[in-house]
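Under the UniProt record's numbering, the letters of the sequence shown match residues 1 to 1103, in that order. All C-beta atoms in this analysis are idealised placements derived from N, C-alpha and C, irrespective of residue type, glycine included. Since the structure is predicted, the reported quantities are computational estimates derived from the model, not experimental observations. Following: one structure in structure tokens, then a few remarks.
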Amino acid sequence: MNIPCSKQFSLIHTLGEPMLIREWNLYGLPADNFSVENGIIVFSGTRWPLMIDPQSQANKWIKTMENKNNICIVKLSNPNYMTSIQSAIEHGLPVLLENVQEDIDATLDQVLLRNIYKQDGIDYLRFGDNLLEYNHSFRLYITTRLRNPHYLPDISVKVTLLNFMITKQGLQDQLLGIVVAKERPQLEEKKNELIVEGANNNKLLKEIEDKILHVLSSSEGNILEDESAIKVLSSSKSLSADIELKQEIAIVTEKEIDVARDVYIPVSSHSSVLFFSIIDLNNIDPMYQYSLSWFINLYYQSIVQSEKSNDINERINILNDYFTYNIYRNVCRSLFQKDKLIFSFILTIGIFRSKGLLDDELFTLFLTGEAGITNEHPNPASKWLSDKSWVEIVQASQLPRLNQFYKSIIDSHEKWNIWYDSNNPQDTPFPEPFENIDGIEKLVIIKCIRFDKVVPAIQQYIVSNMGQKYIEPPSFDIADSYKDSTCCTPLIFILSTGMDPMSSLIKFSEDKKISPTDLITISLGQGQGPIAANMIKSGIETGKWVVLQNCHLAVSWMKELDRICDEDIIPSRTHQSFRLWLTSYPSDDFPISILQNGIKMINEAPKSLGENLLRSYTTNPINDPDLYVICKNHLGLEKLLFSLCFFHGIIQERRKFGSLGWNILYQFNDLDFQISVMQLTMFLNDYDEIPYEALLYLIGECNYGGRVTDDKDRRLLKSLLSIFFNSNITNNDPYTFSESGLFYIPEDTSLNGCLEYIKSLPMNPQPEIFGLHQNADITKNNYETNSFLYGTILTQSQITVGGSDKDEDAKTTELACNIAKNIPELFDITETTKKYPIKYEQSMNTVLQQELIRFNKLLSVIKKSLAEVQKAIKGIVVMSSDLEELHTSLVIGRVPANWINYSYPSLKPLGGYVADLLQRLKFLQDWLDNGMPEVFWLSGFYFTQSFLSGVLQNFSRKNKIPINKLGFEFDVTIYESKIELVNNPEWEVYYQDKLDIEEFSVFIKGLFLEGARWDRELQILNESYPRILFDTLPIICFKPGIKPQFKKKSYYDAPIYKTSARQGTLSTTGHSTNFVMFLDFLIDRPKDHWIKRGTACLCQLDN
């Protein structure tokens, strides 16, 4: 068609004016293309801009640019913001509406829509109940600090939505300017002078052009006869030539300056990488918020405080090293312990990626693992290598750097077995050909085979690339944080389980000579907001310290606190001694601006038993000599106090073993301990004989037990407490807390004697002191590895799946198509009803129909979502937030949230989940085709409890006995669940004999035992084998019967859970979403032994 068009489209060249853009840059708009295009859209758009501005870049630019026009700055939280906007509309002033959330007041709709109408030649706008005369000089800018807001369509269509997130290039330019200004101030000054001079010259040239055009257009007749016009043109030509000459000289000078400035690009580039490593930390925890101004301030400090050098290359290295560690140290004090290693790792990864030294495909595989559902290669070493590990090995072998991995396992599995059995595989060389492999490849291999050793391997990786200090975060120090604060900087304690920072703060205030009357505290809650506001007002005027505790409990008042911090606590009217201290558990509702501008601190409970005991003995009340003086049973007090400290440490340290330690992670804290000490002292003074029953009740049921909501956890707490509070403690010398005898009450139970004993304890005690098997360490390590990988994935927003030359969308489409092909059609409920009609005497038919209906709902959702996401990738339908989440889940191998909403409980990754689902569907299809199975796969049911109720119901209806009087007896058979039972004569005889005697008995399979194993020879529970975390139970016979008639035996009632998380909630059916029932096992040890082991049955594993 021969339509003229540009070879390369550029919004800046098409709509931008170089003069205006340079002016914006001077006002603070970053010079990168993305930011400049945003600036053009702000002024060219037909709707008012709503700018996503988490780092306040746009905010500062608008304020500086419109300052000369008397900009009016308002927030929706301001009580008089409507009046301010109304005045601005009438007088034609710009308005900046700051920090909006995801909702915008509907009153502003008429302004956003610009519903202006003309009446008698005057433009009017209806604003609320008022009719305003509209001044066309009025401008409205809206900004939000939310990083990823979700605005409803009715807001999005009224505004121009712009993303002002800072870009890497934009930040790099800013940081380069700062470092050059500090290191070579004359150079940067000259550069800025040239920029200003250049802008003025361009402005003059534009004025000259306009003047010439005006003369030409206004001249009448022959222009050569117009003397004044000729003079204007002549002077313009002379001035223009002079300016152009200056511009040419300036361009040459600017290039020379840029060459000198570019020497510092490695510093600005490196530093921008650090910033982009920290901004995604808030995906892990909403309290991890860091502002650009905070980052730049730290950058300034590092340039000034770092060691100087005349050698430019050495100076660059010094700057990079100093600033990197400064960032690490400052960020670490605001991170939970579990996230500090994640931060070190993503710093290392970010730096390596910026240097082009990271294989992103390999890194993605390390984080996400397997997402496929089939594996064609048989496991060559099934005795020691799990199927999950083998699948990951085969998948890793698809990458070029590890293409010999699975072949090496096949050819040298004995050597790999020796490596697998080593205590510290991360320090042991791999078998050939991987003996010299390092970096991410080494991490991938360790993750595939020894998942429990990933965290030590990560630490080793960080140390070898960054140094030892990057895995040794600084300890908690209020004084250090206080030193960095000003009267206008909030100091925020992010609370952690088991710790209350108030005692540390009170002690620090005493050290700073702050009198008790000048430290005013309030615990926030309903109705406490106005009182807290008055306290802050008083503190601002008098210089008192104000402490607002538990901010997470005052969500509705947080907006007001944000306003107070922004508008009231300003340098001009705040006393220099004033400090605002805030405490809060992590909360999505805590104001982002306070988090970004404040100093965040986290003081966590000690992470080892020894540290926990040491802390108890060096803090009030145990380190108070008066405690021992006032008690008449001095020796009894010392021994029982030591027991109580040990108990306090044990129940806190069990949390690190995940669900094996506690089903729910309870927030046992110092207050529980302190009140128990007070009660213990009181009872020893009031009674001659120690009332153990009363102490057990108060400590186990009230002080600590009051927090425990799970009945299985409650029996565990009582079991643990019985070790530490019994008559043997004061009567037996020495009294041991563990079977090995390594932990005991020391002979010298004085304060100094106990401290000496505590210091002699091992740093990492064996799990036996916590009542757990040695395998619990592997469980703990696996738990830590899962947490680490999950947290790291959350910080990698741009993560993609590798493995082929196809792009991410093609890979995702292929995976979605593959899953969809494997999912069978929905079950025909009508045909099922005909074949298995609902009968009074056979409840199993009802169970089957209900299961098929539930699975049909799930299959419908899966099929529909997979089809939709493929269409969305092709652009046929809109990529909604649900489809976007599904797409991300397919990319990283996670079960999509939409599936989970309709699914049975499962913690498996995507590949394992799909394979498990297909097995469940096959189990039901076999039932449909072949009739009721001889052995039911208990794990295969969607709603397990309905099957068990159905079995009891059959017995109840036949024998006319109320179902609430019935229960199960259990018989663990000698037949393994994996063996083929069809045409097995021995099994057939056993099966028929059982049913002849017990008509309603059912046989089940599919359970896994955690925390113990079933001894096939002795037919009792026994200790697990080393490194074997789960024991697949044989087929079990469930015999329904009348509870009072059951035989009394020595047994342990093990809870059955659907998943390893163990924690569940009460559903609408009245059943737990996780707990199924108790299963009785014969034992020859005390029941408490298995309770402390955390022994339980699981319906499915996590792989």
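Residue of the options minimising C-alpha distance to residue i
i	options	result
residue 64	88, 327, 26, 37	26
residue 839	937, 954, 928	954
residue 1091	1053, 1074, 1064	1053
residue 1024	1035, 1010, 1018	1010
residue 43	121, 139, 116, 394	139
residue 553	1101, 148, 523	523
residue 642	75, 658, 676, 632	676
residue 1029	431, 1060, 1016, 1055	1060
residue 154	125, 106, 145, 197	106
residue 294	69, 596, 197, 433	596
residue 888	364, 541, 512, 181	364
residue 237	258, 208, 249	208
residue 1006	980, 1021, 1036, 573	1036
Contact belief for residue i with residue j at Cβ below 8 Å, rounded distance in angstroms
i	j	result
residue 150	residue 102	6 Å
residue 284	residue 795	7 Å
residue 496	residue 605	7 Å
residue 1104	residue 517	Only positions 1 to 1103 of the chain appear in the structure, and residue 1104 is not among them; the question remains open.
residue 928	residue 833	Not quite, the Cβ-Cβ distance comes to about 12 Å (not below 8 Å), so this is no contact.
residue 944	residue 1034	That belief does not hold up - the Cβ atoms of residue 944 and residue 1034 are roughly 19 Å apart, past 8 Å.
residue 720	residue 791	Rounded, the Cβ-Cβ distance is 30 Å, inconsistent with contact.
residue 877	residue 816	So it is not a contact: roughly 14 Å between Cβ atoms.
residue 723	residue 737	6 Å
residue 768	residue 739	6 Å
According to DSSP, residues forming a beta bridge with residue i
i	result
residue 1127	An answer regarding residue 1127 cannot be provided, because it is not within the stretch 1 to 1103 covered by the chain.
residue 74	97
residue 133	124
residue 1097	1009, 1056
residue 16	BP columns for residue 16 are empty, so no partner.
residue 581	491, 547
residue 139	94
residue 1022	1013
residue 1040	968
residue 1077	1056
residue 1066	1072
residue 1051	1082
Proximal residues to residue i (C-beta, below 8 Å), its chain only, five neighbours per side dropped
i	result
residue 136	92, 123
residue 591	558, 559, 561, 562, 565
residue 634	628
residue 679	695, 698, 699, 703
residue 763	608, 610
residue 190	253, 257
residue 132	86, 89, 90, 124, 125, 126
Sequence-distant residues of the same chain with beta carbon closer than 7 Å to residue i, five excluded per side
i	result
residue 312	263
residue 452	778, 781, 782, 785
residue 329	474
residue 942	851, 854, 855, 904
residue 963	952, 953, 956
Sequence-distant residues of the same chain with beta carbon closer than 6 Å to residue i, five excluded per side
i	result
residue 109	none
residue 879	872
residue 55	166, 292
residue 896	886, 889
residue 804	Reliability fails at residue 804, whose pLDDT of 40 lies under 50, so the model's placement of it is uncertain and no value is given.
residue 508	478
List, from N- to C-terminal side, the beta strand (DSSP E) runs of 3 residues or more that fit wholly inside the region 990-1017.
If you keep only unbroken beta strand (DSSP E) runs of at least 3 residues inside the region 990-1017, you get 1002-1005, 1008-1010, 1013-1015.
4 or more residues per run - each alpha helix (DSSP H) lying fully within the region 486-518
Here the runs fully enclosed are 502-511.
Hey, which unbroken runs of the alpha helix (DSSP H) at 4 residues or more fall wholly within the region 758-801?
Listed in chain order, the complete alpha helix (DSSP H) runs (minimum 4 residues) inside the region 758-801 are 776-795.
Restricting to runs no shorter than 3 residues, where is the beta strand (DSSP E) found entirely within the region 905-952?
Fully enclosed beta strand (DSSP E) runs of 3 or longer: 935-937.
Those runs of the alpha helix (DSSP H) which lie wholly inside the region 579-633 and span at least 4 residues:
Taking only runs of at least 4 residues, the alpha helix (DSSP H) segments lying wholly in the region 579-633 are 592-597, 609-617, 625-629.
Which complete beta strand (DSSP E) runs does the region 430-487 hold, if anything under 3 residues is left out?
For secondary structure counted as the beta strand (DSSP E) over 3 or more consecutive residues, the region 430-487 holds no complete run.
Can you check the region 365-429 for any alpha helix (DSSP H) of at least 4 residues that lies completely inside it and give the ranges in chain order?
Within the region 365-429, complete alpha helix (DSSP H) segments of at least 4 residues are found at 387-396, 405-411, 413-421, given in chain order.
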